[in-house]
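Q: Got a structure for you, written out below as structure tokens; questions coming shortly.
Protein chains: 2
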Amino acid sequence: MDQVRFGIIGIGNMGTSHAKQLLRDIRGARLTAVCDSNPERLRWAKENLPESVRTFSDANAFFVSRAMDAVLIATPHYDHPTLAVQAFESDYHVLIEKPAGVYTKAVRDMNLAAAKSGRKFGIMYNQRTNPLYAKLRDLVLSGELGEIRRTNWIITNWYRSQSYYDSGGWRATWAGEGGGVLLNQDPHQLDLWQWTTGMMPARVRAFCHFGKYRNIEVEDDVTAYVEYENGATGLFVTTIGEAPGTNRFELSGDNGKIVAEDGKLTFWRLRVPEPKFNAEYTGGFGQPECWKCDIPVGEGEGPQHRGILQNFTDAVLRDEPLLAPGEEGILGLTLSNAMHLSAWTSDWVGLPLNEDLFYAKLQEKIKSSTYRKSTGPAGGKLLDVSGTH
Amino acid sequence: MDQVRFGIIGIGNMGTSHAKQLLRDIRGARLTAVCDSNPERLRWAKENLPESVRTFSDANAFFVSRAMDAVLIATPHYDHPTLAVQAFESDYHVLIEKPAGVYTKAVRDMNLAAAKSGRKFGIMYNQRTNPLYAKLRDLVLSGELGEIRRTNWIITNWYRSQSYYDSGGWRATWAGEGGGVLLNQDPHQLDLWQWTTGMMPARVRAFCHFGKYRNIEVEDDVTAYVEYENGATGLFVTTIGEAPGTNRFELSGDNGKIVAEDGKLTFWRLRVPEPKFNAEYTGGFGQPECWKCDIPVGEGEGPQHRGILQNFTDAVLRDEPLLAPGEEGILGLTLSNAMHLSAWTSDWVGLPLNEDLFYAKLQEKIKSSTYRKSTGPAGGKLLDVSGTH
Chain A
1 MDQVRFGIIG
11 IGNMGTSHAK
21 QLLRDIRGAR
31 LTAVCDSNPE
41 RLRWAKENLP
51 ESVRTFSDAN
61 AFFVSRAMDA
71 VLIATPHYDH
81 PTLAVQAFES
91 DYHVLIEKPA
101 GVYTKAVRDM
111 NLAAAKSGRK
121 FGIMYNQRTN
131 PLYAKLRDLV
141 LSGELGEIRR
151 TNWIITNWYR
161 SQSYYDSGGW
171 RATWAGEGGG
181 VLLNQDPHQL
191 DLWQWTTGMM
201 PARVRAFCHF
211 GKYRNIEVED
221 DVTAYVEYEN
231 GATGLFVTTI
241 GEAPGTNRFE
251 LSGDNGKIVA
261 EDGKLTFWRL
271 RVPEPKFNAE
281 YTGGFGQPEC
291 WKCDIPVGEG
301 EGPQHRGILQ
311 NFTDAVLRDE
321 PLLAPGEEGI
331 LGLTLSNAMH
341 LSAWTSDWVG
351 LPLNEDLFYA
361 KLQEKIKSST
371 YRKSTGPAGG
381 KLLDVSGTH
Chain B
1 MDQVRFGIIG
11 IGNMGTSHAK
21 QLLRDIRGAR
31 LTAVCDSNPE
41 RLRWAKENLP
51 ESVRTFSDAN
61 AFFVSRAMDA
71 VLIATPHYDH
81 PTLAVQAFES
91 DYHVLIEKPA
101 GVYTKAVRDM
111 NLAAAKSGRK
121 FGIMYNQRTN
131 PLYAKLRDLV
141 LSGELGEIRR
151 TNWIITNWYR
161 SQSYYDSGGW
171 RATWAGEGGG
181 VLLNQDPHQL
191 DLWQWTTGMM
201 PARVRAFCHF
211 GKYRNIEVED
221 DVTAYVEYEN
231 GATGLFVTTI
241 GEAPGTNRFE
251 LSGDNGKIVA
261 EDGKLTFWRL
271 RVPEPKFNAE
281 YTGGFGQPEC
291 WKCDIPVGEG
301 EGPQHRGILQ
311 NFTDAVLRDE
321 PLLAPGEEGI
331 LGLTLSNAMH
341 LSAWTSDWVG
351 LPLNEDLFYA
361 KLQEKIKSST
371 YRKSTGPAGG
381 KLLDVSGTH
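This is the structure:
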């Protein structure tokens, strides 16, 4: 094979953006099919995509067509796992949009289907291509920071107005998205939080506020406290309601602290590790000598979506290692599910997660939802997502 | 009266430092008496203070002496309220070191005694003289930030080594200090957290780790989450175990956000308040125009202890308003007590605090303490506290 034929299912905001990149920017990739149940989007595809791109309104017809080698799934979140399972069972390679799904039970099934199929499986964690986070991961996993003691991510720069929520009926509902800021805006940070540190928490206590800043039924403000196996603690603070918000990730460890903020990585590096200093010091108020180090980081935010599309294409063509294996999507979603469950039960949630309990509680939320969207001035129209992640 | 005669009770670390300042730097103040039950400290006083300064080994003799107009209390924390009550009942003005005490029940009695006496009552909240926090309070209380939405103080730069804890038998024990980092290092930040915002939380959920980084029985690592009446949330993160640590206080409000860090105050000011923007905006991903403003702040850390001593002296002499009225000491201590109680009960703690429950739990900790100090290399010696607060 010298070219990967891509079929995209779901050509809304993100799917459309991916279609354009596949037509233009990805070596070894070709867009050969799209599928969408919305007639308006299909009409757009027929009018704007090359004639060679086949269009499908029905998922089953799409999957039996063999019009592609790989399926890119860019539908609403709930459908990611079910469509991925269908794609694997139809023997396609699969690249899914984030989040992996809405509840981990379904994502586990997807991961099993992927393993059984032997096909390539990727997830659109495009922030893993950001040199800032790649370098942070490098510093941590190579041991420069030493044992981690605290993680503290303030990620409150996801500002969204009421008009944003009014723009799509499925947005920010339990039935449509299965959550709010955690499901739609934070999947990248939830992934990077564990990807850069190599650590998943042992337990989670989260405080979610639902419809605090916007007329929505899901969470729009979250503070999550976690504890890790090694005794470290962590915080994850997020909202769509603050402007301008903050994106500051601080990691503290035996050898000092690292802060990722404003595209810069700063390492306050101790000359000797803190435990060694503490064991040897005999004075009163002294502390370890510390060097403020500006860590070199590649320019810009990296290749982002294009990078993931290229890497996935290269994985299919030449067996290159995936930067974002699809099976890892369950990790960030587990964090998100655990935060919801902790807030709903007002209690600690230990990991591994009680996936059945989460699923049952989510169904309760969907069933008891009385929320009906009022269509605002931007009602139903497609948003321009260029510049978002 | 054209001069205030000061008597200091407790001439350990802080009392000695105050004695030197009263002898040297405070207009209208004179040091006329000191009291300490430790013969070594009394000998130091006789050898190093002017002959005119009377020395007492017994508190009762000190209080009946009329050798002073104002009593400065710089003993271990537990004794602050009881000695203050005795001082007020003996008709002295009173300035106490922070914290106001160890449990609010006793501090409430102290405040009643102060009110009954009609004497001046101050507390050594010297960080209130820091131009950074004075300006922050000014911005918030004058309404520049608008309604507060989140407070987030990372105050982890209180590094203390094991040798520090080994230097005094009363340090970091339930019986001696009644707590760890919250009682000894954080009283200023706990005060400033509410002083700069004008808000006390409605409820507190805190996660304390006891003896995590040091061989001590009290808390050395704390993450506290709070909720305010107006719906705002807050975080207070503190430890003595991290180097170099962080001191970053972020406030988010309707009109933007303010960060106090590295002696600088930065105000990301929205051109129109966020609620107005949100009500009028009809697009997808827009957000309010934001101006990054460097707020002018006076040089340095302000007059600190000298400032409080001078202000208290001026209050006694000329009825000048107190910058840090003693009655306000109960606020920061309430936060600290609530954090302990939340950790001990693994539950929310609502304010007003259940003071009897806190007191009972503290007594349990003291009674069940099996901790015996090992005297390290710095055992029992006086630490040089110049440069600490």
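Heads up: the protein sequence lines correspond to chains A and B, in order. Mapping the first sequence onto the UniProt record's numbering, position 166 (from 1) lands on 166, and the numbers just tick up by one. Mapping the second sequence onto the UniProt record's numbering, position 32 (from 1) lands on 32, and the numbers just tick up by one. Note that beta-carbon positions come from the ideal geometry of N, C-alpha and C, so glycine has one too. Quick caveat, the model's predicted, so the values are computed rather than measured.
#1: Residues of chain A with a CB under 7 Å from the CB of Lys212(B): which are they?
#2: For His209(A), which residues does DSSP report across the bridge?
#3: Give the residues of chain B in contact with Glu215(A), contact being defined as C-beta atoms less than 7 Å apart.
#4: Does the CB of Ala45(B) have a neighbour CB from chain A at under 8 Å?
#5: Can you tell me the Cα-Cα spacing of Lys120(B) and Ala114(B), whole angstroms?
#6: According to DSSP, is Ile366(B) part of a helix, a strand, or is it coil?
#7: Could you please give the first and the last residue of the uninterrupted alpha helix (DSSP H) stretch that includes Phe312(A)?
#8: Could you tell me the distance, in whole angstroms, from the CA atom of Thr345(B) to the CA atom of Ala29(B)?
#9: Which residues in chain A sit within 8 Å of Lys20(B), going by Cβ to Cβ distance?
#10: Check distances from the C-beta atoms of the region 113-145 of chain B to those of chain A and list, in chain order, the residues that come in under 9 Å.
#11: Would you say the region 56-73 of chain B touches the region 100-113 of chain B, given that touching needs at least three Cβ pairs under 8 Å?
#12: Taking Arg41(B) as the reference, which of Phe56(B), Glu51(B), Thr32(B), Trp195(B) has the closest Cα?
#13: In chain order, which continuous runs of the beta strand (DSSP E) of length 3 or greater are located wholly inside the UniProt domain "GFO/IDH/MocA-like oxidoreductase" (133-258) of chain A?
#14: For Val34(A), which of Met14(A), Ile26(A), Arg27(A), Asp25(A) has the nearest alpha-carbon?
#15: Would you mind giving the Cβ-Cβ distance between Leu265(B) and Leu136(B), rounded to the nearest angstrom? I have them listed as a contact below 8 Å.
#16: Residues of chain A with a CB under 9 Å from the CB of Val237(B): which are they?
#17: At a Cβ threshold of 8 Å, is Asn60(B) touching chain A?
#18: What residues from the region 255-274 of chain B come within 7 Å of chain A, judged by C-beta to C-beta, listed N to C?
#19: Excluding the 5 residues flanking Gly387(A) on each side, which residues of the same chain have their C-beta closer than 6 Å to its C-beta?
#20: On the premise that Tyr225(A) lies in contact with Tyr225(B), defined as a C-beta separation below 8 Å, what is that separation, rounded to the nearest angstrom?
#21: Give the interface partners of Gly286(B) over in chain A, defined as CB-CB distance under 7 Å, in chain order.
#22: Could you tell me whether any Cβ in chain B is nearer than 8 Å to the Cβ of Phe312(A)?
#23: Starting from Lys120(A), trace the beta strand (DSSP E) in both directions and tell me its first and last residue.
#24: Once you ignore the five residues that flank Asp186(B) on each side, which residues in its own chain have a CB closer than 6 Å to its CB?
#25: For Thr246(B), which residues in the same chain have their Cβ closer than 7 Å to its Cβ, ignoring the five residues on either side in sequence?
#26: Whole angstroms is fine: what's the gap from Lys98(B)'s alpha carbon to Glu177(A)'s?
#27: Does any residue of chain B bring its CB to less than 8 Å from the CB of Thr345(A)?
#28: Please name the residue in Ser52(A), Val316(A), Ser368(A), Asn337(A) whose C-alpha comes closest to that of Leu353(A).
#29: Would you mind telling me which residues of chain B sit closer than 8 Å to Glu242(A), beta carbon to beta carbon, in chain order?
#30: I'd like to know whether the C-beta atoms of His80(A) and Ala100(A) end up nearer to each other than 8 Å.
#31: In its own chain, which residues sit with a C-beta less than 7 Å from the C-beta of residue 393(B), not counting the 5 before and 5 after it?
#32: Between which two residues does the beta strand (DSSP E) containing Gly10(B) stretch?
#33: Thinking just about the alpha-carbon of each residue, which of Ile8(A), Gly10(A), Leu83(A), Met110(A) is nearest to the one in Pro325(A)?
#34: So what does DSSP say about Trp348(B), is it helix, strand or coil?
#35: Report yes if the CB atom of Glu217(A) is closer than 8 Å to the CB atom of Tyr159(A), and no otherwise.
#36: What are the residues that DSSP puts in a beta bridge with Arg5(A)?
A: Taking the definition as stated:
#1: The residue given as residue 212(B) occupies position 212 in the second sequence. Residues of chain A passing the Cβ test: Gly231.
#2: The residue labelled residue 209(A) in the question sits at position 209 within the first sequence. BP columns for His209(A) point to Asp221(A).
#3: Position 215 of the first sequence, counted from the first residue, corresponds to residue 215(A). The question names Glu, but residue 215(A) is Asn in the sequence shown. Chain B residues near Asn215(A): none, gap ~10 Å exceeds 7 Å.
#4: The residue labelled residue 45(B) in the question sits at position 45 within the second sequence. It does not; no Cβ of chain A falls within 8 Å.
#5: Within the second sequence, numbered from 1, the residue matching residue 120(B) stands at position 120. Within the second sequence, numbered from 1, the residue matching residue 114(B) stands at position 114. Taking the straight line from one Cα to the other gives about 8 Å.
#6: Counted from its first residue, the second sequence places residue 366(B) at position 366. Helix.
#7: Against the first sequence, residue 312(A) aligns to sequence position 312. 304-318 is the extent of the alpha helix (DSSP H) around Phe312(A).
#8: As a first step, residue 345(B) must be located in the second sequence, where it is residue number 345. As a first step, residue 29(B) must be located in the second sequence, where it is residue number 29. Using only the alpha carbons, I get a separation of about 46 Å.
#9: One-based indexing of the second sequence puts residue 20(B) at position 20. In chain order: nothing, as chain A lies at least about 18 Å away.
#10: none
#11: no
#12: Numbered from its first residue, the second sequence carries residue 41(B) at position 41. For the residues Phe56(B), Glu51(B), Thr32(B), Trp195(B), the minimum Cα distance to Arg41(B) belongs to Phe56(B).
#13: 148-155, 201-210, 219-228, 233-239, 247-253
#14: Residue numbering aside, residue 34(A) sits at position 34 when the first sequence is read from its first letter. With distances taken between Cα atoms, Val34(A) lies closest to Met14(A).
#15: Numbered from its first residue, the second sequence carries residue 265(B) at position 265. Numbered from its first residue, the second sequence carries residue 136(B) at position 136. Contact holds; Cβ gap of about 6 Å.
#16: Translated into the one-based positions of the second sequence, residue 237(B) becomes position 237. The contacting residues are Arg150, Asn152, Thr233, Leu235.
#17: Residue mapping note: residue 60(B) aligns to position 60 of the second sequence, counting from 1. With 8 Å as the cut-off, Asn60(B) does not count as an interface residue toward chain A.
#18: Gly256, Lys257, Trp268, Leu270, Glu274
#19: For this step, residue 387(A) is matched to residue 387 along the first sequence. Confidence at Gly387(A) is low in this model, with a pLDDT of 49, below 50, so its placement is unreliable and no value can be given for it.
#20: For the purposes of this step, residue 225(B) is identified with residue 225 of the second sequence, where counting begins at 1. For the purposes of this step, residue 225(A) is identified with residue 225 of the first sequence, where counting begins at 1. Going by Cβ atoms, the distance from Tyr225(B) to Tyr225(A) rounds to 7 Å, so yes, they are a contact pair.
#21: Position 286 of the second sequence, counted from the start, is the residue given in the question as residue 286(B). Ordered by position in chain A, the residues that pass the 7 Å Cβ test against Gly286(B) are Ser161.
#22: As a position in the first sequence, residue 312(A) is number 312, starting the count at 1. Judged by the 8 Å Cβ criterion, Phe312(A) is not in contact with chain B.
#23: For this step, residue 120(A) is matched to residue 120 along the first sequence. Here Lys120(A) belongs to no beta strand (DSSP E), and DSSP marks it neither H nor E.
#24: Against the second sequence, residue 186(B) aligns to sequence position 186. Closer than 6 Å at the Cβ level, and outside the excluded window around Asp186(B), lie Thr238.
#25: As a working note, residue 246(B) is residue 246 in the second sequence. Hits under 7 Å: Ile154, Thr156, Asn157.
#26: Along the second sequence, read from residue 1 onward, the residue named residue 98(B) stands at position 98. Along the first sequence, read from residue 1 onward, the residue named residue 177(A) stands at position 177. Near 50 Å, if we compare the C-alpha coordinates of Glu177(A) and Lys98(B).
#27: Position 345 of the first sequence, counting from 1, holds the residue named residue 345(A). It does not: the Cβ of Thr345(A) has no partner Cβ on chain B nearer than 8 Å.
#28: Locating residue 353(A) in the first sequence gives position 353, counting from the first residue. Closest option to Leu353(A), Cα to Cα, is Asn337(A).
#29: The count along the first sequence starts at 1 and reaches residue 242(A) at position 242. Under the 8 Å cutoff, chain B gives Arg149, Arg150, Ser252, Lys257, Glu274.
#30: Position 80 of the first sequence, counted from the first residue, corresponds to residue 80(A). Position 100 of the first sequence, counted from the first residue, corresponds to residue 100(A). In this structure, Ala100(A) lies closer than 8 Å to His80(A) by Cβ.
#31: The question about residue 393(B) has no answer here: the residues shown for chain B are numbered 1 through 389.
#32: Position 10 of the second sequence holds residue 10(B). Where Gly10(B) is concerned, there is no enclosing beta strand (DSSP E), given that its DSSP letter is neither H nor E.
#33: If you number the first sequence from 1, residue 325(A) lands on position 325. Measuring from the Cα of Pro325(A), the nearest candidate turns out to be Met110(A).
#34: Counting from 1 along the second sequence, the entry for residue 348(B) is found at position 348. Here Trp348(B) sits in coil by DSSP.
#35: For the purposes of this step, residue 217(A) is taken as residue 217 along the first sequence, with counting starting at 1. For the purposes of this step, residue 159(A) is taken as residue 159 along the first sequence, with counting starting at 1. For Glu217(A) and Tyr159(A), no; Cβs fall outside 8 Å.
#36: Within the first sequence, numbered from 1, the residue matching residue 5(A) stands at position 5. In the DSSP output, where bridge partners are listed per residue, Arg5(A) has Arg30(A).
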